[in-house]
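A quick write-up on the structure given underneath.
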Amino acid sequence: MPNTGSDHATPPPFLAAARQRFVSLAEARVLAIEAIRQDIGRGTALADGLAQIAAIAHQVAGVAATLGYAELGTRAGRIDRMFKAADARQPADAVWLQAQPELEALLDALEAVLDD
Amino acid sequence: MSGLRFLAVDDDPVFRLVLQGYMHRIGYDNLVSAATGAQALALLSRQSQPFDCILLDIEMPGMNGIELCRQIRAVPVYRHTPIIMITSLAAKKYVEQAFAAGATDYFTKPIDEVELTARLGMMARLVAEQGRSSAFKLELESWSDLPRQRLDFGDPIAVGRADWMVEYLALENQLLTFGRLKLHNYAAIAIRVVNAAEAFAAADHLGYMDYMANVAAAIADALKTHPFVLAHAGHGEFVCVTDRAANLDPEELTSTIAASLLEFEDMFETLDLPLPAVQVGLPQTAGMFTQTSVAGLLERARRAVSHDTMKGQRQLALA
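Here it is in C-alpha cells:
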C-alpha cells in the first residue's frame, strides 16, 4: 500500500481552514466515485460517468498538493487526464478498464485523508 | 496592500479558500468569489464599481470558464479588464480557446505562489497602464487643458479600441500557449512609425495616443484581407501577428499604409504633427526544428524593422 497520507503534518496557518474543508469533503467524494462506478457497472452511460469522475478528480488535483497531499494530487491529476483523453485518443471502455488500478489507488488515497 | 478589486470564479469551495489565502498573503485583500458563471454574471451586473481583474476556472459545470469569459467581454465595461484563466494540466489544451474568447493570461492548478505572485503583479501593472490610458481618454473627451498623466515614449500602452487590437502583454501570453508547431504557422511583423518620437515631442500625450491610433487603423486597413492581431509595443512600434502563409511583402504593406495615411495629411498638418512615416519590417517566423522563444520572436521582428529603418536612412544619406 503506497503512502497516501499527508506530506506535511501542519499546513501554513492560512491554509488550515481549507485543509479542514478538504478533509470534510473527502468522504462525499469517495462515495460519489463509488456510486458512479456502480452505475457504470450496471451499464449506464460510460462517457457521462467518466466526465463526472474527472470533474471530482479535477477538484482534488487542484488543491491536494497545496494542502500537503502531493501524492493524492498526482493520482487525481492522472485520472483527470486519462478520462479527459477518452474521446480523443481511445474509446471510453478501454480507458475505463485501463484506469481501474489507478482509480482504486485514488480512492485509497482519498480514504487515507479521512484519517487526518 | 493593493486596492485592486478581484473577482474569482471557481466551483470548488476549497480552491476558493486556498486562492483567497494566497492572495491575502501576497497583498491582494479585495477579493469577491463566485461558485458558478451565473453567480459571477449576477455579481458583475450588481457592482457599482467594476472589478479590476477577474480570475476564471476553465472547467466548471454548467457554464464553463471560456463561455463565461466570452460573456464578460460582451459587457462594455469589462471589455479590457484583465481576465486570468485558471486551468489544470489536463485542460491546458483549452487555454487557446480561452485566449480566443478574450482571456489575458492563465495559470495552472495547483497554485504555485511564485507564479501567482508574478501573474498578479503583471496584471496589476496592466491595470495601472489601462488606468492611465482611460484617464487620457477622459481628458480627451472632456477637452481639458494639458494632460496631467505621464506617458513615456516606451510605454506599450493600448492605443485605439478594436477587436484586432490587443495589449502587448496579452499578445505575448497568447503566443506562449502555442506549441512549436503552431507557432511555426504564424509570422510576427513589426511596423515602425519612423517619426513617432517627433510626434511624441510635438503632441501632448492624448494627441500622441490619438496619432498612434490613426496609424493602427491604417495598418488594420492594409491587413484586412488576412486574420491578424496588432499590439502597440511602445517606442513608436507596433507588432502584428498574422498567418505565415499570408506571405506579406513589407514594401507593398509600407506603401499601402502610407497611402492610407496620406489621406489624412491635412488633418496632421492642422494638428501641427508630422505625417506618420511607416516602415514595415521583414516577417519573422519561428523555426520548426529550433527552439524559438516568443519574446525572442517578437524582439527579432522589432529588430528587423529597426535594422531596415537604419538601412533606409543610410541609403537616403548616400543618395
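Chains as they are written, first to last, in the numbering used here: chain A, 91 to 206; chain B, 3 to 321. All C-beta atoms, glycine included, are put in the ideal place defined by N, C-alpha and C.
Problem set entry | Ranges of the alpha helix (DSSP H) found wholly within the stretch 205–235 of chain B, counting only runs of at least 4 | 207–224
Problem set entry | Nearest-angstrom Cα separation, counted from residue 249(B) out to residue 237(B) | 26 angstroms
For this session: Could you please tell me which residues of the stretch 163–190 of chain A, in chain order, have their CB closer than 7 angstroms to any CB of chain B?
Result: 163, 167, 170, 171 and 174
For this session: Determine the chain B residues that contact residue 105(A) at a beta-carbon separation under 9 angstroms, and present them in chain order.
Result: 19, 20, 23 and 24
Exercise. Along chain B, which residues have their Cβ under 7 angstroms away from the Cβ of residue 121(A)?
Worked result: Those within 7 angstroms of residue 121(A) in chain B number zero; the least Cβ separation is about 17 angstroms.
For this session: Specify whether the stretch 92–108 of chain B and the stretch 194–206 of chain A touch according to this definition: at least 3 beta carbon pairs, one from each stretch, less than 8 angstroms apart.
Result: no
For this session: Would you give the residue range spanned by the beta strand (DSSP E) that residue 108(B) belongs to?
Result: 107–110
Exercise. Assuming residue 257(B) contacts residue 220(B) under a Cβ cut-off of 8 angstroms, what Cβ separation, rounded to an integer in Å, is found between them?
Worked result: That belief does not hold up - the Cβ atoms of residue 257(B) and residue 220(B) are roughly 12 angstroms apart, past 8 angstroms.
For this session: Spell out whether any CB of chain A is found under 8 angstroms from the CB atom of residue 68(B).
Result: For residue 68(B), the answer is no, since every Cβ of chain A falls outside 8 angstroms of its Cβ.
Problem set entry | Cutoff 8 angstroms; reference residue 182(B); Cβ partners in own chain excluding five residues on either side | For residue 182(B), where only same-chain residues beyond five positions count, the Cβ hits under 8 angstroms are 288, 290, 293 and 294.
For this session: List the residues of chain A that residue 229(B) touches, going by C-beta distances under 8 angstroms, in chain order.
Result: Ordered by position in chain A, no residue passes the 8 angstroms Cβ test against residue 229(B), which lies about 26 angstroms from the chain.
For this session: Locate the beta strand (DSSP E) running through residue 11(B), then write down its first and last residues.
Result: 8–11
Exercise. Considering only the beta carbon of each residue, do residue 80(B) and residue 86(B) sit closer than 8 angstroms?
Worked result: no
Exercise. Which residues in chain A sit within 8 angstroms of residue 111(B), going by Cβ to Cβ distance?
Worked result: 151, 152 and 153, listed in chain order.
Exercise. For residue 267(B), which residues from the same chain have a beta carbon less than 6 angstroms from its beta carbon, with the 5 sequence-adjacent residues on both sides left out?
Worked result: Once the five neighbours on either side are set aside, the close Cβ partners of residue 267(B) are 277.
Exercise. Using CA coordinates, which residue listed in 91(B), 223(B) and 65(B) is at the minimum distance from residue 13(B)?
Worked result: 65(B)
Problem set entry | DSSP-derived helix/strand/coil call for residue 270(B) | Secondary structure of residue 270(B) (DSSP, three-state): helix.
For this session: Would you mind reading off the limits of the beta strand (DSSP E) that contains residue 87(B)?
Result: 85–89
Problem set entry | Cβ contact check for the stretch 33–42 of chain B and the stretch 57–71 of chain B: 3 or more pairs under 8 angstroms | yes
Problem set entry | Residues of the stretch 50–64 of chain B whose Cβ lies closer than 7 angstroms to any Cβ of chain A, in chain order | Answer in chain order: 61 and 63.
Exercise. If we ignore side chains and look at the alpha-carbon of each, how far apart do residue 177(B) and residue 232(B) end up?
Worked result: 13 angstroms
Exercise. Taking DSSP as the reference, what is the three-state secondary structure of residue 155(B)?
Worked result: coil
Exercise. Of the choices 303(B), 297(B), 209(B) and 247(B), whose alpha-carbon is the least far from that of residue 270(B)?
Worked result: 209(B)
Problem set entry | Sub-8 angstroms separation of residue 125(B) and residue 158(B) beta-carbons | no
Exercise. Quick one: is residue 35(B) near chain A, going by C-beta distance under 8 angstroms?
Worked result: No, no contact with chain A.
Problem set entry | Residues that residue 268(A) contacts on chain B, provided the C-beta gap is smaller than 7 angstroms | With chain A running from 91 to 206 in the structure shown, residue 268(A) is simply not present.
Problem set entry | residue 68(B): first and last residue of the uninterrupted alpha helix (DSSP H) it sits in | Here the alpha helix (DSSP H) through residue 68(B) covers 67–75.
Exercise. Quick one, which of 78(B), 164(B), 11(B) and 132(B) has its alpha-carbon nearest residue 88(B)'s?
Worked result: 11(B)
Problem set entry | Given 8 angstroms, three or more beta-carbon pairs between the stretch 24–38 of chain B and the stretch 130–141 of chain A | no
For this session: Since I believe residue 130(B) is in contact with residue 167(B) (beta carbons under 8 angstroms), could you give me their beta-carbon distance rounded to a whole number of angstroms?
Result: About 19 angstroms separates the two Cβ atoms, so there is no contact after all.
Problem set entry | Sub-8 angstroms separation of residue 169(B) and residue 300(B) beta-carbons | no
For this session: Quick one: grab the DSSP three-state call for residue 172(A).
Result: helix
Exercise. Assuming residue 247(B) and residue 241(B) make a contact with CB atoms under 8 angstroms, what is their CB distance in whole Å?
Worked result: Contact between residue 247(B) and residue 241(B) fails: their C-beta atoms lie close to 19 angstroms from each other, not under 8 angstroms.
Exercise. Going by C-alpha distance, which of 150(A), 104(A) and 102(A) is nearest residue 123(A)?
Worked result: 150(A)
For this session: Look at the alpha carbon of residue 22(B) and the alpha carbon of residue 8(B), and state the distance between them as a whole number of angstroms.
Result: 10 angstroms
Exercise. Skipping 5 residues on each side, what residues in its chain have a beta carbon closer than 6 angstroms to that of residue 53(B)?
Worked result: 7 and 9
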